[in-house]
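So the sequence shown is numbered by the working numbering: it starts at 32 and just counts up by one.
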Amino acid sequence: MKKGFIFDLDGVITDTAKYHFIAWRDLGAEIGVAVDLKFNEQLKGISRMDSLDRILAHGGKENDFTMDQKEALAAKKNTHYVELLQSLTPQDLLPGVKEFLDAANAKQIPCAIASASKNAPFILEKLGVKDQFAGIVDPATLHKGKPDPEIFVKAAELLNIKPEEAVGFEDAQAGIDGIKACGMYAVGVLSGEPLHGADLTCHELTELNIDELLQK
Numbered sequence: 032m033k034k035g036f037i038f039d040l041d042g043v044i045t046d047t048a049k050y051h052f053i054a055w056r057d058l059g060a061e062i063g064v065a066v067d068l069k070f071n072e073q074l075k076g077i078s079r080m081d082s083l084d085r086i087l088a089h090g091g092k093e094n095d096f097t098m099d100q101k102e103a104l105a106a107k108k109n110t111h112y113v114e115l116l117q118s119l120t121p122q123d124l125l126p127g128v129k130e131f132l133d134a135a136n137a138k139q140i141p142c143a144i145a146s147a148s149k150n151a152p153f154i155l156e157k158l159g160v161k162d163q164f165a166g167i168v169d170p171a172t173l174h175k176g177k178p179d180p181e182i183f184v185k186a187a188e189l190l191n192i193k194p195e196e197a198v199g200f201e202d203a204q205a206g207i208d209g210i211k212a213c214g215m216y217a218v219g220v221l222s223g224e225p226l227h228g229a230d231l232t233c234h235e236l237t238e239l240n241i242d243e244l245l246q247k
């Protein structure tokens, strides 16, 4: 019997990937690196600084900036991203999310967020569902990013359960790998590329039966 649900944010609860893409694309244009939709797929599920490092390497500029300059670039991207997020409303929840969270809360099954996004609390507030999560992992406390399982282990700790007692939801391969690495049941939310290693896949949460998941 599972005792908790742990969710990635982007691509699972809401789709802010388009805002990340716009912000990275515009920053890339400023520093002379083309960021297109195909390359943007490599930035999903990883931290802001790791994303910037990949962009700089992609443009052959990995040695062109000091750490202070890179931090300034990452901060500039985030400022632009947060500006774009101002338009988020509860209507931007992905299909089935509100109903799934309501059902989990009705059954007193706690939920947590395991996202590399430092903006997760703000985003959940804009979406009107922050109160439905018992815990949100603070990315600043992490030593390693996905696919390392650390973030999922911490999320389980926030819910006072063991990783194997939780169901994890992810839309990125790095996330699925992290979920499985700590013995957690993995639900892959498909948006394009196949997710290898997921125990169950769906295109949206409307396809899932919460009672069946709790029995996994």
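Heads up, the beta-carbon is just placed ideally off N, CA and C, and yes, glycines get one too. No experiment lies behind these values; they were computed from the predicted model shown.
Local conformation of residue i per DSSP, three classes
{"i": "residue 144", "result": "strand"}
{"i": "residue 36", "result": "strand"}
{"i": "residue 209", "result": "helix"}
{"i": "residue 68", "result": "helix"}
{"i": "residue 217", "result": "strand"}
{"i": "residue 164", "result": "coil"}
Status (buried if at least 16 other CB within 10 Å, exposed otherwise) for residue i
{"i": "residue 194", "result": "buried"}
{"i": "residue 95", "result": "exposed"}
{"i": "residue 240", "result": "exposed"}
{"i": "residue 223", "result": "exposed"}
{"i": "residue 48", "result": "buried"}
{"i": "residue 41", "result": "buried"}
C-beta contact flag for residue i and residue j at 7 Å
{"i": "residue 217", "j": "residue 210", "result": "yes"}
{"i": "residue 248", "j": "residue 37", "result": "Beyond the ends of the chain as shown, which are 32 and 247, falls residue 248; an answer cannot be given."}
{"i": "residue 34", "j": "residue 196", "result": "yes"}
{"i": "residue 80", "j": "residue 106", "result": "no"}
{"i": "residue 205", "j": "residue 178", "result": "yes"}
{"i": "residue 39", "j": "residue 201", "result": "yes"}
Residue from the options whose Cα sits closest to the Cα of residue i
{"i": "residue 109", "options": "129, 121, 124, 78", "result": "78"}
{"i": "residue 207", "options": "189, 231, 190, 196", "result": "231"}
{"i": "residue 165", "options": "189, 171, 128", "result": "189"}
{"i": "residue 167", "options": "178, 176, 155, 175", "result": "155"}
{"i": "residue 46", "options": "120, 66, 64", "result": "120"}
{"i": "residue 129", "options": "101, 99, 235", "result": "235"}
{"i": "residue 71", "options": "83, 114, 52", "result": "52"}
{"i": "residue 50", "options": "67, 229, 116", "result": "116"}
{"i": "residue 229", "options": "212, 75, 172", "result": "212"}
May I ask you to verify whether the region 141-158 touches the region 84-94, counting CB pairs closer than 8 Å and requiring at least 3?
no
Okay, do the region 58-66 and the region 159-177 touch, 3+ Cβ pairs below 8 Å being the bar?
no
Three CB pairs or more closer than 8 Å across the region 120-139 and the region 170-185:
no
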